[in-house]
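Notes for the one structure printed next.
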Amino acid sequence: MISASHLTRRFGARTAVNDVSFEVGRSEIVALLGPNGAGKTTTLRMLAGLIAPTSGSIAIEGRQLTRATGGALRMRIGFLTEAPGLWDRLTVRENLGVYARMYGIADRERRIDRTLELFGLTDRQATLCAELSKGMRQKVALARTLLHDPVVLLLDEPTSSLDPEVTRMIRLLLEERRAAGCSILVSTHNLDEAERLADRVAVLHERLVAIDEPSALRARLTTGRVIVRVAGDPSVLLGAVHSVVGTDAVHAVDRAALTLQLTDANRQTPALIRALVAAGAEILEVRPEIPPLEDVYLHLMEERGSGQGLGARG
Amino acid sequence: MIEIGRVRALLSKEFLDLARNRTALVPVVVVTVLSLVLPFGVAIAVPALTGHPLDEDADLVRVSRVAGMSPDLSDNARIQLFLFQQFLMLFLVTPVTGAMALASHAVVGEKQARTLEPLLATPLTTFELLIAKVLGALLPTLAISAIGLAIYLGGIARLAAPGVGVAMASLRTLVLTILVAPAAALVALQAAILISSRVNDPRTAQQFGVLIIVPLVALMVVQFLGSLWLSAAALALIGGGLLGVWGLLSAFSVALFDRETILTRWR
C-alpha cells in the first residue's frame, strides 16, 4: 500500500508538487494523469525514495519512507523510469542478472528464466540491448522492474509510444500484478489506457485536482443530455419531441439520432419514449450522453487554469 | 553498512561493459607501452646505437652517486639502475592516466545513458555505487599496469648490465609498485569520480582528474635532477598519506553525491 500525505516538493522558487495526498491500496491501480510538468515524475520519484519531499510524508506498506528506511523499502518497490535505462553493451540476460544480484535474489538464474519467459524474451536473452527495438527495450525495463517481485509498482509512462500489441501485453501484466495484490501507480498521458486499466484516476497539476473512479469523474461532467437513436430519419419525430419537452430541448439532430437536453432526464425520458413510439418511431437506443474521460480531463485542466479545482475526493 | 553483493553486482556490469568496449583501455595500454619503450630506449638502446655508453656523461655519473645506489656496481650499471628506478615512477602515472577516462565517465556517463535512475531506485547505497565505480576503473588498469611492470622487471633482468636486475629487486621498488602506485591511482580515480558526480560532462571530469598527474610528474623531474631521492621509508610515508587522502576523498564523495541534483537538474 502507498500512502502519500501532504507531499510538497519545491526546486528553488518553483513548486513542482504542492500538498498532494492520496493512497493506493492493495490490488489497486491508480493512474496519474496530468500535462507535462504537472509533477507526475517528481511524485513518482518521491514515492520511490529517489528524492525527498520538501514537506509531507510517504508510507509504503505502513512504514514511513525516510533516509534510514529507504534502502529496505526500495527492496519492495519496483520503479519503471521514464527511459528504459538499459546498459546497451550488456545483453538482455546480463542486464537482468546485474539487477537480480543487486536485489540479492536467491535462485537468480531460475528467476531470470521465469521473467524472460513471462515477457516473451527468452529467445532475445543473448541480444545486446543496443540492438533492441523501443518496444523490446520497454519490455526488458519492465521485466527488470518486476524481477524482485515488488509489492509496490511505480511506473512512469510505461506504454508511451509503444505499439498496441506491446501496450496490451503490459496492460495484461499489470492486471495480473494487481490480482496478485500489488499497489500500482501509473503515470500516463494516455487517457484511454487510464480508463481501461485504472481503478481510480488521479489528475495532477502541481496539486491533486481530482481523484476518483473514471466513471465517477465522468459523472461530474454529466451534461443531462439524452441521445435517442432511431431507425430512419429522426427529423420527422421532432413534432413528438416538441410536444413533450419543448422546442428548446433539441440540442442536435443528425442522420441517426436526436440529442436532447432534458431538465430532469429521469422524469422526462419515459414520457418522451412513449410519445416517440406513438409517433411511429423505431427506437434502437436511448442513453445518457457520457463525456469521454478526455473531456473530463480537459475540463478539469481548464478549471485548474481558472483557479476553480473540483477538489480531490477519495 | 556495505553490502558486498551489490558492489560485486555493479562491478560485474563494469567489467562486462569494459570487455565489450576494449577501446576504452587503449589509453592505459598506450601509456604502459610508452613506460616500457622509453626507459629501455634511454638506458640501453640509445647508448648501444650511438656507441656512447652512459658513463661518458659526467652529470649522469654524479646524479647516480647522489642517489646513493649500490656502490659495488660499475658506473654504467649504476646509471642504468638510476634511470630504471626513475622510470619506475612512470608506473605511478600509468594507471592514473589510463583509468581516468573510465573513472571520469563513471557517474556522468550513467546519467547521460539514463541508466543511473533505475540504479538509484535499487537498495544500492551511494558508497556502494562509488566504490564499485572506483574498483571498476582501478582493477583493469592495475592489471594492465602489473603486466607492464612484470615485462619491465623481466626486461631489466635480461637486457640491463649485470647486477642491475638484482639491485632493482629492492624494498623501494616493492613499496613503489605495491603501495604508492595503487594509492596514487586510488586518489586520482576517487577525485575523478567525485568530480564526475558534480559535473554534467565527462570531459570536464577528465580534465580536472588529470591534474593529479602534475605532482607525480613534478616528483619525477625533481628526482631526475638529482636534488631529491626518495627512500623506501619516504615512499611508504607518501603511500600511507595517499591512502589517507583517498579515505578523505571517499568520505567527501559520499557526502557530496547529491542524487537529487543529479536526477533533477542534469540533462
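Heads up: the sequence lines are chains A and B, in that order.
Take the first sequence: its letter number 138 is residue 898 in the working numbering, and every next letter is one higher.
Take the second sequence: its letter number 256 is residue 718 in the working numbering, and every next letter is one higher.
Positions of the beta carbon are idealized from the N, C-alpha and C atoms, including for glycine.
(request) Using DSSP bridges, identify the partner residues of A:Q824. (result) Here residue 824 of chain A refers to the residue found at position 64 of the first sequence. According to DSSP, which records beta bridges pairwise, A:Q824 is partnered with A:A819.
(request) Put B:V499 into one of helix, strand or coil per three-state DSSP. (result) As a first step, residue 499 of chain B must be located in the second sequence, where it is residue number 37. B:V499 falls in the helix class under three-state DSSP.
(request) List the residues of chain B that A:F771 touches, going by C-beta distances under 7 Å, in chain order. (result) Taking the first residue of the first sequence as position 1, residue 771 of chain A is located at position 11. Scanning chain B for C-beta atoms nearer than 7 Å to the C-beta of A:F771 yields T726, reported in chain order.
(message) Among A:L792, A:M806 and A:I811, whose alpha-carbon lies nearest the alpha-carbon of B:F719?
(response) As a working mapping, residue 719 of chain B is identified with position 257 in the second sequence. When each option's Cα is compared against that of B:F719, the closest is A:I811.
(message) I'd like to know if the region 994 to 1004 of chain A and the region 819 to 830 of chain A are in contact, where contact means that at least 3 CB-CB pairs between them fall below 8 Å.
(response) no
(request) Please look up how many angstroms separate the CB atoms of A:I820 and A:L840, rounded, as I've assumed it's under 8 Å. (result) To locate residue 820 of chain A, count along the first sequence from 1; it is residue 60. To locate residue 840 of chain A, count along the first sequence from 1; it is residue 80. Rounded, the Cβ-Cβ distance is 16 Å, inconsistent with contact.
(request) Note down, in chain order, every chain B residue with its Cβ under 8 Å from the Cβ of A:I811. (result) Position 51 of the first sequence holds residue 811 of chain A. The answer, in chain order, is R721, E722, L725 and T726.
(message) Quick check on the burial criterion: 16 or more other C-beta atoms within 10 angstroms. Buried or exposed for B:G702?
(response) The residue you call residue 702 of chain B lines up with position 240 of the second sequence. It is exposed - the Cβ of B:G702 has fewer than 16 other Cβ atoms within 10 Å.
(message) Under DSSP, the beta strand (DSSP E) around A:H908 begins and ends at which residues?
(response) Along the first sequence, one-based indexing puts residue 908 of chain A at 148. Note, A:H908: premise wrong, no beta strand (DSSP E); not H, not E.
(request) On a CA-only basis, which of B:A619, B:M463, B:A696 and B:L641 is nearest B:W708? Give me that one, please. (result) Position 246 of the second sequence, counting from 1, holds the residue named residue 708 of chain B. Minimum Cα distance to B:W708 is reached at B:L641.
(request) Quick one: residues in its chain with C-beta nearer than 6 Å to the C-beta of B:A623, no 5 flanking neighbours on either side, listed in chain order? (result) Numbered from its first residue, the second sequence carries residue 623 of chain B at position 161. If we look at B:A623 and ignore the five residues flanking it on each side, its Cβ neighbours are N538, A539 and Q542.
(message) Going by DSSP in three states, A:G984 sits in which element: helix, strand or coil?
(response) Taking the first residue of the first sequence as position 1, residue 984 of chain A is located at position 224. Note: A:G984 maps to coil in three-state DSSP.
(request) Using a Cβ-Cβ cut-off of less than 9 Å, give me the residues of the region 858 to 881 of chain A that come near chain B, in sequence order. (result) V858, Y859, A860, R861, M862, Y863 and G864
(message) For A:E788, list the residues DSSP reports as bridge partners.
(response) Within the first sequence, the letter at position 28 stands for residue 788 of chain A. Partner residues in the beta bridge of A:E788, as assigned by DSSP, are A:S943.
(message) Using DSSP's beta-bridge definition, name the partner residues of A:P1048.
(response) Position 288 of the first sequence, counting from 1, holds the residue named residue 1048 of chain A. DSSP output for A:P1048 lists A:V986 as bridge partner(s).
(message) Just checking: is the beta-carbon of B:L472 within a distance shorter than 9 Å of some beta-carbon in chain A?
(response) Counted from its first residue, the second sequence places residue 472 of chain B at position 10. Closer than 9 Å: yes.
(message) Going by beta-carbon coordinates alone, are A:G1060 and A:V963 separated by less than 9 Å?
(response) The sequence position of residue 1060 of chain A within the first sequence is 300, counting from 1. The sequence position of residue 963 of chain A within the first sequence is 203, counting from 1. Note that residue 1060 of chain A corresponds to Leu in the displayed sequence, not to Gly. Yes.
(message) Run through the DSSP bridge pairs and tell me what B:S536 is partnered with.
(response) In the second sequence, residue 536 of chain B corresponds to position 74, counting from 1. According to DSSP, which records beta bridges pairwise, B:S536 is partnered with nothing at all.
(message) Just to make sure I have the definition right: I need the residues of chain B whose C-beta is within less than 9 Å of the C-beta of A:T841. Which are they?
(response) Taking the first residue of the first sequence as 1, we reach residue 841 of chain A at position 81. Per Cβ cutoff of 9 Å: R576, E579, P580 and A583.
(message) Extract the residue ranges of the beta strand (DSSP E) inside the region 864 to 896 of chain A, only unbroken runs of 3 or more that lie entirely within it.
(response) Every candidate beta strand (DSSP E) stretch fails here, since none sits fully inside the region 864 to 896 of chain A while reaching 3 residues.
(request) Consider the Cβ of A:D848: report whether some Cβ of chain B lies at a distance smaller than 9 Å. (result) If you number the first sequence from 1, residue 848 of chain A lands on position 88. A:D848 counts as touching chain B.
(message) Please tell me whether B:A680 and A:V858 are closer than 9 Å, where the distance is taken between their beta carbons.
(response) For this step, residue 680 of chain B is matched to residue 218 along the second sequence. For this step, residue 858 of chain A is matched to residue 98 along the first sequence. Against a cut-off of 9 Å, the Cβ pair of A:V858 and B:A680 comes out as no contact.
(message) Under 9 Å, Cβ to Cβ, is there at least one residue of chain A near B:T559?
(response) For the purposes of this step, residue 559 of chain B is taken as the residue at position 97 of the second sequence. Output row for B:T559: interface = no.
(message) Just to confirm my understanding: we take A:V1004, look at its own chain, exclude 5 residues before and 5 after, and list those with CB closer than 6 Å. What are they?
(response) For the purposes of this step, residue 1004 of chain A is identified with residue 244 of the first sequence, where counting begins at 1. So the qualifying residues of the chain are A1031, L1032 and A1035.
(request) Closer than 7 Å by C-beta to A:L1044: which residues in its own chain qualify, once you throw out the five before and the five after it? Chain order, please. (result) Counting from 1 along the first sequence, the entry for residue 1044 of chain A is found at position 284. Result list for A:L1044: R989, V990 and A991, in chain order.
(message) Please report the distance separating the alpha-carbon of B:L673 from that of B:V649.
(response) Here residue 673 of chain B refers to the residue found at position 211 of the second sequence. Here residue 649 of chain B refers to the residue found at position 187 of the second sequence. Distance between the alpha carbons of B:L673 and B:V649 is about 11 Å.
(request) Give me the Cα-Cα distance between A:P813 and A:P1048, rounded to the nearest whole angstrom. (result) Here residue 813 of chain A refers to the residue found at position 53 of the first sequence. Here residue 1048 of chain A refers to the residue found at position 288 of the first sequence. Looking at the two C-alpha atoms, the distance is approximately 43 Å.
(request) To the nearest angstrom, report how far apart A:E891 and A:D848 are at their CA atoms. (result) Taking the first sequence and counting its residues from 1, one reaches residue 891 of chain A at position 131. Taking the first sequence and counting its residues from 1, one reaches residue 848 of chain A at position 88. Cα to Cα, the separation comes out at about 8 Å.
(message) Strictly by DSSP, which residues pair up with A:I1130?
(response) Residue 1130 of chain A cannot be examined here, being either before or after the span of chain A that is shown, 761 to 1074.
(request) Output, in chain order, the set of chain B residues within a Cβ distance shorter than 8 Å of A:E854. (result) The sequence position of residue 854 of chain A within the first sequence is 94, counting from 1. Neighbours of A:E854 on chain B, chain order: K475 and L478.
(message) List, in chain order, every chain A residue whose beta-carbon is nearer than 7 Å to that of B:G467.
(response) On the second sequence, position 5 is the one that residue 467 of chain B refers to. Result: R861 and G864.
(message) Considering only their Cβ atoms, is the gap separating B:V637 from B:A717 smaller than 9 Å?
(response) For the purposes of this step, residue 717 of chain B is taken as residue 255 along the second sequence, with counting starting at 1. For the purposes of this step, residue 637 of chain B is taken as residue 175 along the second sequence, with counting starting at 1. No; because the gap between Cβ atoms is not below 9 Å, this pair is not in contact.
(request) Pick out whichever of A:A1041, A:M896, A:A970 and A:L922 has its Cα sitting closest to the Cα of A:L998. (result) Here the question's residue 998 of chain A lines up with position 238 in the first sequence. Checking every option, the nearest Cα to that of A:L998 belongs to A:A1041.
(request) Could you list which residues in chain A have their beta carbon closer than 8 Å to that of B:L586, in chain order? (result) Counted from its first residue, the second sequence places residue 586 of chain B at position 124. In chain order: M862.
(request) Closer than 6 Å by C-beta to B:F549: which residues in its own chain qualify, once you throw out the five before and the five after it? Chain order, please. (result) Along the second sequence, read from residue 1 onward, the residue named residue 549 of chain B stands at position 87. Within the same chain, B:F549 has close Cβ partners P501.
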